[in-house]
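Below is one structure; the comments refer to it alone.
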């Protein structure tokens, strides 16, 4: 049970295992968490169902924000663009320009409105090879921008920033994250495809720890 | 006629006279303009109709982005909150937390996708007494954040930043802005209410120049 004096935080929740781990980490730090889930036209809408499940399992509140990116240009928004397979050099086709900037901006709006002191985001090392809005220097610059553009001080935390997928899974295990309720696959079919880069990194993470993924992989 | 080599720009267009002036300013600078209009749950939805009219009058493209701020907390989003009247001390009730941060973030996404080099925003001195995300130091910090979080360099321009409403109207006149196609009133009725702070500043601006507003005011 949290006391009424618990600090509150907005947690960006995608339904994947990274943000689920961040949610449980924030809770373990004593924050009352308000999850922000985005329905942004992603083809793998299924992750939203999982995000809700995780928020509920953790006993947290959540808000769904519906937005459109009418300009597409990403494999996550446009069926005609092929999803990245395993390791890709440079920017993967799943990149949605400024997506984390948009998500964090909504989190600022939400945080200030509900007087939350902190925002948590699950950006991490594996992502920032390709995604500019996952880099540590971006997070630092966003933090400074928020200080100038908001009435209240809102801190931005990215506790996974320098962790590998295996380290995130290990941390999630310790925190009791229900990984069976997390969804990573970009295809959003009945089972994870096991072929897209998101599935690849997830499987590699579990394997390197000698663990099985609690989610079934399509054969 | 613009040549194919015209640089392109994303212009945040609200339907009011500030952003309309910015649009005509950007065009005068030789930019091919792509307007971004937000349908964000504002009670004065009427401004969207005017924004489209201005975009069309200027011969520019536009995109409408539909988003929700499910947390309300502003007189622009919630009928139960009274609109500010004339001059208010501190933050007016029309303040939507982080609205410009959200709008500029979408502009970054759009700009990078269409390879526009610049974003124009109509933030200005009159606003930044109350709105933290209209202050010059915010615009500067946002610019630095964009440099860290994007693949491509996108410049942010706020050409009205240090201008008063009267100076903006004077500039708009010179540029041929069709002020009759701009809408400022927060109430969004058949005619402008003439009572909200947005109407107040608009009327004051025209009056100080000895001009009449081409839009009819409700008696």
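Protein chains in written order, with the numbering used here: chain A, 470 to 688; chain B, 470 to 688.
Cβ coordinates follow ideal geometry from the N, Cα and C atoms, glycine included.
Please report whether the beta-carbon of residue i lies at a distance below 8 Å from any beta-carbon of chain A.
i                     : result
residue 471 (chain B) : The predicted position of residue 471 (chain B) is uncertain, since its pLDDT is 47 and thus under 50; a value taken from the coordinates is nonetheless stated next. Output row for residue 471 (chain B): interface = no.
residue 479 (chain B) : no
residue 602 (chain B) : yes
residue 546 (chain B) : no
residue 620 (chain B) : yes
residue 542 (chain B) : yes
residue 574 (chain B) : yes
residue 500 (chain B) : no
residue 506 (chain B) : no
residue 570 (chain B) : yes
residue 675 (chain B) : no
residue 522 (chain B) : no
residue 617 (chain B) : yes
residue 649 (chain B) : no
residue 692 (chain B) : Because chain B in this structure spans residues 470 to 688, residue 692 (chain B) falls outside the shown range and cannot be described.
residue 585 (chain B) : no
residue 689 (chain B) : Nothing in the structure corresponds to residue 689 (chain B), since chain B is present only between 470 and 688.
residue 482 (chain B) : no
residue 560 (chain B) : yes
residue 662 (chain B) : no
In terms of alpha-carbon separation, which member of the options lies closest to residue i?
i                     : options                    : result
residue 569 (chain B) : B:611, B:585, B:552        : B:611
residue 678 (chain A) : A:651, A:640, A:664        : A:640
residue 504 (chain A) : A:497, A:645, A:484, A:510 : A:484
residue 636 (chain A) : A:499, A:482, A:479, A:491 : A:491
residue 493 (chain B) : B:630, B:589, B:577        : B:589
residue 501 (chain B) : B:516, B:528, B:521, B:592 : B:528
residue 605 (chain A) : A:649, A:592, A:560        : A:592
residue 475 (chain B) : B:482, B:489, B:498, B:481 : B:498
residue 576 (chain B) : B:477, B:684, B:646        : B:477
residue 508 (chain B) : B:542, B:525, B:571, B:643 : B:571
residue 587 (chain B) : B:680, B:684, B:495        : B:495
residue 539 (chain A) : A:644, A:510, A:670        : A:510
residue 638 (chain B) : B:627, B:674, B:608        : B:674
residue 518 (chain B) : B:653, B:601, B:548        : B:653
residue 547 (chain A) : A:607, A:676, A:512        : A:512
residue 481 (chain A) : A:613, A:670, A:625        : A:625
residue 663 (chain A) : A:601, A:684, A:516        : A:684
Just list the residues that DSSP pairs residue i with in beta bridges.
i                     : result
residue 502 (chain A) : A:478
residue 589 (chain B) : B:480, B:626
residue 533 (chain B) : B:506
residue 554 (chain A) : A:665
Any Cβ of chain B within less than 8 Å of the Cβ of residue i?
i                     : result
residue 624 (chain A) : no
residue 537 (chain A) : yes
residue 517 (chain A) : no
residue 577 (chain A) : yes
residue 582 (chain A) : yes
residue 589 (chain A) : no
residue 532 (chain A) : yes
residue 631 (chain A) : no
residue 613 (chain A) : yes
residue 592 (chain A) : no
residue 567 (chain A) : yes
residue 646 (chain A) : no
To the nearest whole angstrom, what separates the beta carbons of residue i and residue j, a pair I think is in contact under 8 Å?
i                     : j                     : result
residue 595 (chain B) : residue 535 (chain B) : Going by Cβ atoms, the distance from residue 595 (chain B) to residue 535 (chain B) rounds to 28 Å, so no, they are not a contact pair.
residue 545 (chain B) : residue 563 (chain B) : 5 Å
residue 550 (chain B) : residue 506 (chain B) : 24 Å between Cβ atoms; not a contact.
residue 665 (chain A) : residue 553 (chain A) : 7 Å
residue 487 (chain B) : residue 629 (chain B) : 6 Å
residue 566 (chain A) : residue 582 (chain B) : 5 Å
residue 489 (chain A) : residue 646 (chain A) : 5 Å
residue 479 (chain A) : residue 579 (chain A) : 5 Å
residue 542 (chain A) : residue 599 (chain A) : About 15 Å separates the two Cβ atoms, so there is no contact after all.
Evaluate contact between the region 618-625 of chain B and the region 654-667 of chain B, counting only Cβ atoms and requiring at least three cross-stretch pairs below 8 Å.
no
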